[in-house]
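Working notes, beginning with the structure itself.
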Amino acid sequence: MKTLKDEILQRGAVLSDGVLKVDSFLNHAIDPNLMTKIGETFAERFQEEGVTKILTIESSGIAPALTTSLQLQSELVFARKRKSLTMRDDLYSAEVYSFTKQQASEISVSKEFLQPTDRVLIIDDFLANGQAALGLIDIIKQSGASIAGIGIVIEKTFQPGREILEQEGYKIESLARIASLSDGKVTFYTEKEQ
Ligand code: G4P
Ligand code: NA
Ligand code: NA
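Residues 1 to 194 (UniProt numbering) make up the sequence shown, in order.
Spelled out as structure tokens, the structure:
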């Protein structure tokens with residue numbers, strides 16, 4: 001997605017060989033026009049998948065998930081990292097291991113928001129090691145719903161997330177694929193049209 005790649009080049013900052021900072025439009029401030037285009041692009045790519053529901057994880061997945069759900073006219077639910085006061089029993093939960101923090105955390109979704117009849121599209125802001133997506137997949141499987149695919153705003157192809165998810169057979173659509181962040185520079189993956 002050219003607009004997104006342009007924004008990454010113009011407004012992103014390479015913090016290290018492994019980390020891209022995009023706080024000015026995705027992870028802290030949110031660019032509503034860009035987010036709308038992201039939603040339109042995900043909607044095009046998953047138009048034929050019969051999506052009834054989008055599942056994401058708080059907090060940075062919510063904005064692109066919302067604009068996608070508007071386009072697909074699907075419902076939207078986000079997994080919580082901390083249980084809210086009103087979330088009590090009847091939860092689907094999964095462990096998500098963070099390589100950065102070197103610790104596991106639990107994510108949860110109330111059972112009432114995922115039905116076996118749902119066809120669920122997973123949306124997230126980053127794909128790195130794939131652990132968040134695996135946690136969401138675990139929760140969807142517990143509910144008996146089916147998985148339409150995985151939409152990622154920014155994928156780091158030099159980390160193993162895509163490979164792990166592809167081995168499980170899921171359709172993955174990433175709007176920007178980054179091959180390298182070495183030498184303080186963003187290099188996009190260009191084997192095929194993105
Ligand atoms: P890991 O797999 O690479 O170890 O990452 P981990 O799951 O620990 O993810 C930590 C957070 O960092 C996640 O957001 C993830 O989306 C994000 N992340 C991973 N790589 C990058 C990157 O290169 N740039 C940016 N900006 N973020 C990255 P989170 O903690 O769930 O936060 P949020 O959703 O509330 O923003
Ligand atoms: Na994030
Ligand atoms: Na995220």
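C-beta atoms are modelled at their ideal positions from N, C-alpha and C, and glycine is treated no differently.
For clarity, every value in this text was computed on a predicted model and none was experimentally measured.
Neighbour-count burial assignment, Phe-99, 16 or more Cβ in a 10 Å radius: Locating residue 99 in the sequence shown gives position 99, counting from the first residue. Phe-99 comes out exposed.
Take Ile-54 as the anchor and find which of Ser-180, Ile-152, Ala-29 has the nearest alpha-carbon. For the purposes of this step, residue 54 is taken as residue 54 along the sequence shown, with counting starting at 1. When only C-alpha atoms are compared, the closest one is Ile-152.
Ser-146 versus Ser-69 - alpha carbon distance: Walking along the sequence shown from the start, residue 146 turns up at place 146. Walking along the sequence shown from the start, residue 69 turns up at place 69. Rounded to whole angstroms, Ser-146 to Ser-69 spans 17 Å at the Cα level.
May I have the straight-line CA-CA distance separating Lys-185 from Lys-171, to the nearest angstrom? As a position in the sequence shown, residue 185 is number 185, starting the count at 1. As a position in the sequence shown, residue 171 is number 171, starting the count at 1. Taking the straight line from one Cα to the other gives about 29 Å.
Let me know the secondary structure DSSP gives Gln-115 once reduced to three states. The residue given as residue 115 occupies position 115 in the sequence shown. Note: Gln-115 maps to coil in three-state DSSP.
Closest to Gln-115 by CA distance: which of Gln-142, Ala-132, Phe-126, Ala-128 is it? The residue labelled residue 115 in the question sits at position 115 within the sequence shown. Checking every option, the nearest Cα to that of Gln-115 belongs to Gln-142.
Chain-order list of residues whose beta-carbon lies under 8 Å from that of Gln-47 (same chain, five-residue window excluded): Here residue 47 refers to the residue found at position 47 when the sequence shown is read from its first residue. So the qualifying residues of the chain are Leu-72.
Buried or exposed (CB count within 10 angstroms, at least 16 for buried), Thr-187: Here residue 187 refers to the residue found at position 187 of the sequence shown. By the 10 Å Cβ count, Thr-187 comes out exposed.
Could you name each continuous beta strand (DSSP E) segment of 3 residues or more that falls completely within the region 140-183, going from the start of the chain to the end? Inside the region 140-183, DSSP marks whole beta strand (DSSP E) runs of 3 or more residues at positions 146-156, 172-180, from first to last along the chain.
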